[in-house]
Amino acid sequence: MVRTGETARVGVLGSHGEVGRQVAALLRASGHVVNCGNRSHHTSDERTAIVDAHDEESVNKFSRDLDVVVNCAGPSCLLKTSVASALPDSVGYIDPFGANSFDNYPTNRPCVVNAGATPGLSGLLLRHLAGLIDDCQSVTLCTGGRDRGGLSGLVDVVLSTHNSYGHPGKMIVDGDLVAYQPGSIHAEDLEPFPSDDGLIASPFVTNELRKVAQDFSIPRLIGVTAIPDRDTQQLLLRALSQTDISDPTTLMNLCADIAAAKTKLDAGKNHWFAIQATVHGTLRGRPVRVSGSVHAPDSTFITALFVAEATKSVIRDELLTGPKWGYELPAPQTVLSSLASYNVDIKIVGPTATTDAPQWSDDDDAGFI
Numbered sequence: 002m003v004r005t006g007e008t009a010r011v012g013v014l015g016s017h018g019e020v021g022r023q024v025a026a027l028l029r030a031s032g033h034v035v036n037c038g039n040r041s042h043h044t045s046d047e048r049t050a051i052v053d054a055h056d057e058e059s060v061n062k063f064s065r066d067l068d069v070v071v072n073c074a075g076p077s078c079l080l081k082t083s084v085a086s087a088l089p090d091s092v093g094y095i096d097p098f099g100a101n102s103f104d105n106y107p108t109n110r111p112c113v114v115n116a117g118a119t120p121g122l123s124g125l126l127l128r129h130l131a132g133l134i135d136d137c138q139s140v141t142l143c144t145g146g147r148d149r150g151g152l153s154g155l156v157d158v159v160l161s162t163h164n165s166y167g168h169p170g171k172m173i174v175d176g177d178l179v180a181y182q183p184g185s186i187h188a189e190d191l192e193p194f195p196s197d198d199g200l201i202a203s204p205f206v207t208n209e210l211r212k213v214a215q216d217f218s219i220p221r222l223i224g225v226t227a228i229p230d231r232d233t234q235q236l237l238l239r240a241l242s243q244t245d246i247s248d249p250t251t252l253m254n255l256c257a258d259i260a261a262a263k264t265k266l267d268a269g270k271n272h273w274f275a276i277q278a279t280v281h282g283t284l285r286g287r288p289v290r291v292s293g294s295v296h297a298p299d300s301t302f303i304t305a306l307f308v309a310e311a312t313k314s315v316i317r318d319e320l321l322t323g324p325k326w327g328y329e330l331p332a333p334q335t336v337l338s339s340l341a342s343y344n345v346d347i348k349i350v351g352p353t354a355t356t357d358a359p360q361w362s363d364d365d366d367a368g369f370i
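In our numbering, the protein residues as written are 2 to 370.
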């Protein structure tokens, strides 16, 4: 791998996509040489290699002279580990998603997966907040909004949920998935989260949150997904109901129709994306609360920034073997500071003293849940 201070050669697969395009620009701005690989040329004079992410020989040929490959070709849950497996042993690998695909992936290469906004920044923010206190007792994490997620992202949501990465209607208690218990939300933890008229939020925990809960011995963790309105909710439920589609082309076409309907639904409306995390616990024996939030017009730029930071971490040899998840990146404060330098709105409040017995929300139908 490249030594600190040297220019790295980075390949970005899928640089025509919104995330890939921004990743390539961010890494070039950091002084690295970026080679782009795509299925086709957008223009006749475009400098990009033609690479089929589903073809091992094509990926291997593209990556032979590179130090790191960033896979933004997506959907991750269709590609699974195929791109990483095609790389020469000396080449690092970064994936904005991946879900559970890399759980048993044997590799000694530097490999960072689930390195986007959610998962990625969501888990890293929780890790940072939990590290500010002595004993973390409960966590609430809200994510979502009126986002501009693309087709690959929608397919990944569908496939990863079917593959037990996401768990609707669940929460984590003592490391186990249990049915969400009404009244489990601290009412004050929801106040800072931005709200559209008609906003719906639903209990939803991911395996990233389960891993964070295990790492920090968090006994109680609640995840909440914010959906801007009931029409969007119906589109998402329609996508998630396609459990019997095994043909990738059919699934992609269906999700393309749903994504187009969502784009039409969102026309003329303000877009926003947010992560809001609140941690309750103790500091020097006293009960405290610490919260953190990230706000942006959409999640794609946050994902691109996080991917770029993960790539730089691999280049600096900070992650020697993988696979690691994005939330495990060294020095969370460095990542948060980098995001803030690009005018991403990040706020950390606390730790502040609180009561021994926090007040729970007792009316889950009024507001979020």
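Each residue gets a CB set at the ideal place from its N, CA and C atoms; glycine is no exception. All figures in this text were calculated on a predicted structure; none of them were measured in a lab.
With DSSP as the reference, label residue i as helix, strand or coil.
{"i": "H168", "result": "strand"}
{"i": "K348", "result": "strand"}
{"i": "P333", "result": "helix"}
{"i": "R221", "result": "strand"}
{"i": "H296", "result": "strand"}
{"i": "A116", "result": "coil"}
{"i": "A358", "result": "Caution applies to A358, whose pLDDT of 49 falls short of 50 and renders its modelled position unreliable; the value that the coordinates give is listed next. Coil."}
{"i": "N39", "result": "strand"}
{"i": "I370", "result": "With a pLDDT of only 42 at I370, under the threshold of 50, the placement of this residue in the model should not be trusted, and no figure is reported."}
{"i": "R48", "result": "coil"}
{"i": "S161", "result": "helix"}
So is residue i buried or exposed if we call it buried at 16+ other beta carbons inside 10 Å?
{"i": "D366", "result": "In this prediction, D366 scores a pLDDT of 40, lower than 50, which makes its location untrustworthy; no coordinate-derived value is stated."}
{"i": "T8", "result": "exposed"}
{"i": "G42", "result": "One point to set straight first is that residue 42 is His, not Gly, in the sequence displayed. Classification of H42: exposed, given that the 10 Å Cβ count is below 16."}
{"i": "D68", "result": "buried"}
{"i": "N115", "result": "buried"}
{"i": "V179", "result": "exposed"}
{"i": "G269", "result": "exposed"}
{"i": "L94", "result": "The question names Leu, but residue 94 is Tyr in the sequence shown. Per the 10 Å Cβ criterion, buried."}
{"i": "N271", "result": "exposed"}
{"i": "Q277", "result": "buried"}
{"i": "N39", "result": "buried"}
{"i": "T355", "result": "buried"}
Find the nearest neighbour of residue i within the set the options, judged by alpha-carbon distance.
{"i": "I186", "options": "R128, P169, D232 and L142", "result": "L142"}
{"i": "R287", "options": "T301, P352, I303 and F307", "result": "P352"}
{"i": "D37", "options": "A30, A26 and S31", "result": "Note that residue 37 corresponds to Cys in the displayed sequence, not to Asp. It is A26 whose Cα lies nearest to the Cα of C37."}
{"i": "D299", "options": "L284, G154, R285 and S165", "result": "G154"}
{"i": "E57", "options": "N39, D68, A305 and L88", "result": "L88"}
{"i": "S83", "options": "G323, A268, N61 and L28", "result": "N61"}
{"i": "A50", "options": "V291, G12, D346 and S123", "result": "G12"}
{"i": "D230", "options": "L266, H296 and H129", "result": "L266"}
{"i": "L130", "options": "V280, A332, R317 and T322", "result": "V280"}
{"i": "T207", "options": "D66, H168 and G282", "result": "H168"}
{"i": "G199", "options": "V158, A309, G146 and D216", "result": "G146"}
Throw me the rounded Cβ distance for the residue i and residue j pair, which I believe falls under 8 angstroms.
{"i": "F205", "j": "V225", "result": "7 angstroms"}
{"i": "I219", "j": "V140", "result": "6 angstroms"}
{"i": "V295", "j": "I347", "result": "5 angstroms"}
Touching by the beta-carbon criterion (3+ pairs, under 8 angstroms), the stretch 323-337 and the stretch 133-148: no
contact_flag[the stretch 95-108, the stretch 245-257] where n(CB pairs < 8 angstroms) is 3 or more: no
Given 8 angstroms, three or more beta-carbon pairs between the stretch 70-83 and the stretch 10-24: yes
Given 8 angstroms, three or more beta-carbon pairs between the stretch 295-314 and the stretch 334-347: yes
Stretch pair the stretch 252-269 + the stretch 228-241: three plus CB contacts closer than 8 angstroms: yes
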